[in-house]
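Some notes on the structure that comes next.
Residue numbers (full-length UniProt numbering): 1 to 288.
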């Protein structure tokens, strides 16, 4: 039986453990952060594994775990990096011909004139989005240039801290009526999707973010072939074998809003038949 190291103890771990065990893959949690690692002559023993899944989100600690485990990963550090920074991912997708939202990447410090110019490229409101956060953290909708400059002032205060590595953010068009899908791609094939939708009462109260961690509900859907191809094209463009692809669909456009190389696995009923067979095959492909 293969031993699979998984560096998350959230929903994914619980959901994949039994289905993969049925396919002769033993799933074990490896804690990657908020702990100590002994190195040198008496290194930390994380256990013996054959392969890893869900590369640690903290890349500094992830490098330590990677070195100690010394196993191949379903998505390795480089794959995670290609998806992690939204600006880079969107730039790679656009270059490959995959449609993305109109976006401006801002690298701080930037003067007010350049920021005004970025804001004025769009019809208000605009979305201001940190370059490397998840779950909708820090994403803001801004309706006027004065408020926009206020938001960017706060970002500049954060970026002024010398230890801040990522001093960038995105300004994007706002697509108010877009339907939000998260498609899952495994080894080049779209294997299912969910529609992320806010409850009516949340929308009436002014909420607009469709992240599940912000109260949206994820309902399994059957994506039409053209949307499945967009998700597959995105994974191919980033060269990532296990990828969550966020699609925003309006009456006349389909764009890839974000990608996630550490996607949460949802309930099996929300994926195509054979999802766990495909996932198990991908895991095995890393050690054969």
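Here a beta-carbon is modelled for each residue, glycine too, at the ideal position from N, C-alpha and C.
Asked	Found
Nearest to residue 98 by CA position, among 282, 248 and 274, is which residue?	248
Buried or exposed: residue 195, going by 16 or more other Cβ atoms within 10 Å of its Cβ?	buried
Ordered along the chain, which non-local residues of its own chain (more than five positions away) have a Cβ less than 8 Å from that of residue 232?	185, 188, 189 and 190
Taking Cβ positions, are residue 12 and residue 264 nearer each other than 8 Å?	yes
In whole angstroms, give me the CA-to-CA distance for residue 158 and residue 166.	10 Å
For the stretch 12-89, which segments carrying the beta strand (DSSP E) assignment without a break, of at least 3 residues, lie completely within its bounds, in sequence order?	25-29 and 51-53
So, for residue 255: in the same chain, excluding its five sequence neighbours on each side, which residues have a beta-carbon less than 6 Å away from its beta-carbon?	99, 100, 101 and 248
When the Cα atoms are used, what is the spatial distance from residue 68 to residue 262?	20 Å
Helix, strand or coil, according to DSSP, for residue 144 in the structure here?	coil
Buried or exposed: which applies to residue 161, given that a residue is buried once 16 or more other Cβ atoms fall within 10 Å of its Cβ?	exposed
For residue 278, count neighbouring C-beta atoms within 10 Å of its own C-beta (all shown protein chains included) and say buried if the count is 16 or more, exposed if not.	buried
Is it the case that the stretch 144-156 contacts the stretch 75-92, given that we only count it when at least three CB pairs across the two stretches are under 8 Å?	no
Residues in its own chain within less than 6 Å of residue 118 by CB, not counting five upstream and five downstream?	104 and 171
Tell me the rounded alpha-carbon separation between residue 110 and residue 131.	15 Å
Since residue 124 and residue 146 should fall inside the 8 Å C-beta cutoff, what is the C-beta to C-beta distance between them, to a whole number of angstroms?	In fact, because the Cβ distance is near 11 Å, the residues do not count as touching under 8 Å.
Can you tell me where the alpha helix (DSSP H) with residue 196 in it begins and where it stops?	Looking at the DSSP string, residue 196 is not in any alpha helix (DSSP H); the run it does join, the beta strand (DSSP E), is 189-197.
Which ranges does the alpha helix (DSSP H) cover as unbroken runs of at least 4 residues, wholly within the stretch 102-130, from first to last along the chain?	112-120
Are the CB atoms of residue 50 and residue 71 nearer to each other than 8 Å?	yes
Hey, quick one: how far does the beta strand (DSSP E) through residue 221 stretch, first residue to last?	217-221
Using CA atoms only, rank isn't needed, just tell me which of 163, 243, 229 and 272 is closest to residue 81.	243
Please say whether residue 178 and residue 250 have beta carbons closer to each other than 8 Å?	yes
Between which two residues does the beta strand (DSSP E) carrying residue 285 extend?	Unbroken run through residue 285 is the alpha helix (DSSP H), 275-285; no beta strand (DSSP E).
Report the CB separation of residue 21 from residue 30 in whole angstroms; it is logged as a contact under 8 Å.	17 Å between Cβ atoms; not a contact.
Pop quiz: residue 65 and residue 241 are said to be a contact at Cβ under 8 Å. What is the actual Cβ separation, rounded to whole angstroms?	Not a contact, Cβ separation roughly 20 Å.
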